[in-house]
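Remarks on the structure that follows.
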Amino acid sequence: MNTIVEFLSMGGYGEYIWPAYILSIIFLAWSFVNSFVELRKNKKKLQILDNNNPRRHKPLAFEENQEIDT
Amino acid sequence: MINLHKFANPTRFFQLTSVLLPWIGLTTLILLSYGFWQALFVSPPDYQMGEAVRIMYVHVPAAYMGMMVYGIMAVASAIALIWKHPIADIAAKSSAPIGAGFTFLALVTGMLWGQPMWGTFWVWDARLTSVLILFFIYLGYIGLWVSIEDPSRASKAAAILALVGSVNLPIIHYSVDWWNTLHQPASLLRADGPTIDPGMLPPLISLIIGYTTFYITVLFLRMDKEFISRKIYSLQILRTHQK
């Protein structure tokens, strides 16, 4: 028990070290999860748009392979 | 020389990113796990600052990323502005919030390190001030995208801000040499090589690389999301005109 307390106190600097690490990990985790979820939401939205109005004409220019004019 | 034009094709680009994504994600997970484990449990305390040195392992990678992401954003902005490369534009816009987050993290972890070490959370020295300015430039860049309705006008304005703001990067890097700063001088990116204890290198290097692969992972996700957003926007306009 003592060693756990000792470890957490980090030589007295624990009150600075742990917030730094916790904030960093929260930032990393939240960024990833948020980006992943937003992408999935958008993919779903696009699917709904495509399903509601199925295109009867061929794909438009911006949806097709584009080449840059040099 | 990378053939940029090949990757101007969004469909091809995002096919590539979806293949690469799981691997880059896995690499990130491994590097971050190893890095944090080394940082908290294995690496030695510093002979001067004791355990407080462990904040370095989250502060330095965040600071590097804040600057590296801005550099990438500026280069992507230039490519978008000059060649109207569609992927470059999306890359710049998608990078900004990630870079802003890293910069904010660098500032906060720096404050948490400064208080026990220097006796103060903040000082207006050249390094801290220029990084704070970097953070404000990020916010301004994001603000331009949010506030300008027309995407192509927003893109141009944001690109110009990104390019003008890039003068801040060498200022940040050399600030500890050019001015008398409280922030310590470089101990890693130095002409004669790193000066830190070798036991501190494993967590530092793996977290720097891990943060980089993390950025790439999240960047690909955000770029795909942004590309689909633009598709949705165009389709909605098209559908409105069709009715």
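The listed protein sequences derive, respectively, from chains R and E. Going by the numbering used here, 43 is the number at position 43 of the first sequence; the sequence numbering is gapless. Going by the numbering used here, 1010 is the number at position 10 of the second sequence; the sequence numbering is gapless. A virtual CB, placed ideally from N, CA and C, is assigned to each residue, including glycine. All values derive from a computational prediction rather than experimental measurement.
For residue i, report the span of its alpha helix (DSSP H) as first-last.
i	result
E/Gln1048	Unbroken run through E/Gln1048: none, as it is neither H nor E.
E/Phe1220	Leu1201 to Gln1242
E/Leu1188	Careful: E/Leu1188 lies outside any alpha helix (DSSP H) and carries neither H nor E.
E/Thr1254	Nothing in the structure corresponds to residue 1254 of chain E, since chain E is present only between 1001 and 1243.
R/Asp50	Gly14 to Asn52
Using DSSP with H/G/I as helix, E/B as strand and the rest coil, what is residue i?
i	result
E/His1059	helix
E/Pro1170	helix
R/Met1	coil
E/Ile1148	coil
E/Ala1098	Strictly speaking, residue 1098 of chain E in this sequence is Ile, with Ala absent from that position. In this structure, E/Ile1098 counts as helix in the three-state DSSP scheme.
E/Lys1084	coil
E/Gly1140	helix
E/Phe1121	coil
E/Trp1178	helix
E/Ile1160	helix
E/Thr1195	coil
E/Gln1115	helix
R/Thr70	Because the pLDDT at R/Thr70 is just 49, under 50, the model does not fix this residue reliably, and the point stays unresolved.
R/Gly11	helix
Could you work out which residue in the options is closest to residue i when comparing CA atoms only?
i	options	result
E/Gly1099	E/Tyr1141, E/Pro1202 and E/Leu1204	E/Tyr1141
E/Gly1071	E/Leu1169, E/Ser1033, E/Ile1055 and E/Gly1143	E/Leu1169
E/Trp1178	E/Gly1119, E/Ile1237 and E/Asp1125	E/Asp1125
E/Met1200	E/Trp1023, E/Asp1046, E/Thr1027 and E/Ala1008	E/Asp1046
E/Pro1010	E/Pro1203, E/Ser1187 and E/Lys1231	E/Lys1231
E/Tyr1057	E/Gly1110, E/Leu1026 and E/Leu1016	E/Gly1110
E/Glu1051	R/Ile22, R/Lys44, R/Asn2 and R/Gly14	R/Gly14
R/Gly12	E/Val1069, E/Met1049, E/Ile1082 and E/Val1167	E/Met1049
E/Gly1165	E/Leu1016, E/Leu1021, E/Thr1120 and E/Val1069	E/Val1069
How about residue i and residue j: are their beta carbons less than 9 Å apart?
i	j	result
E/Ser1094	E/Lys1225	yes
E/Phe1014	E/Phe1227	yes
E/Ala1062	E/Ala1096	no
E/Met1073	E/Leu1134	no
E/Trp1113	E/Ile1172	no
E/Ser1206	E/Leu1029	no
R/Ser24	E/Val1218	no
R/Phe7	E/Leu1221	no
E/Tyr1064	E/Pro1202	no
E/Gln1236	R/Leu49	yes
R/Ala20	E/Val1108	yes
R/Asn51	E/Ser1229	no
E/Val1042	E/Ile1208	no
E/Pro1151	E/Tyr1211	no
R/Phe27	E/Gly1101	yes
R/Asn53	E/Arg1239	yes
Might you give, ordered along the chain, the residues of its own chain that have their beta carbon closer than 6 Å to the beta carbon of residue i, omitting 5 neighbours on each side?
i	result
E/His1241	none
E/Ala1158	Tyr1141, Leu1144 and Trp1145
E/His1085	Ala1008 and Ile1079
R/Thr70	At R/Thr70, the pLDDT of 49 sits below 50, so the modelled position is not reliable; the number obtained from the coordinates is stated separately. Closer than 6 Å at Cβ, skipping near neighbours: no residue.
E/Gln1038	Pro1202 and Pro1203
R/Thr3	none
Ordered along the chain, which non-local residues of its own chain (more than five positions away) have a Cβ less than 7 Å from that of residue i?
i	result
E/Ala1162	Met1073, Ala1074, Ser1077, Ala1092 and Tyr1141
E/Trp1118	Leu1182
E/Thr1103	Gly1066, Val1131, Leu1134, Phe1135 and Tyr1138
E/Ala1080	Ala1088, Asp1089, Ala1092, Ser1155 and Ala1159
E/Ile1272	The requested residue 1272 of chain E is not part of the displayed model; chain E covers only 1001 to 1243.
E/Asp1197	Pro1044
E/Pro1116	Ala1052
E/Leu1040	Arg1054
Excluding sequence positions up to five away, which residues of its chain have a Cβ less than 8 Å from the Cβ of residue i?
i	result
R/Ile17	Met10
R/Val33	none
E/Val1176	Ala1126, Arg1127, His1183, Gln1184, Pro1185 and Ala1186
E/Trp1122	Met1111, Gly1114 and Leu1128
E/Trp1023	none
At a threshold of 8 Å, does residue i count as lining the ligand ZN (C-beta to nearest heavy atom)?
i	result
R/Asp50	In the structure on display, the ligand ZN does not appear, and there are no ligands present to speak of.
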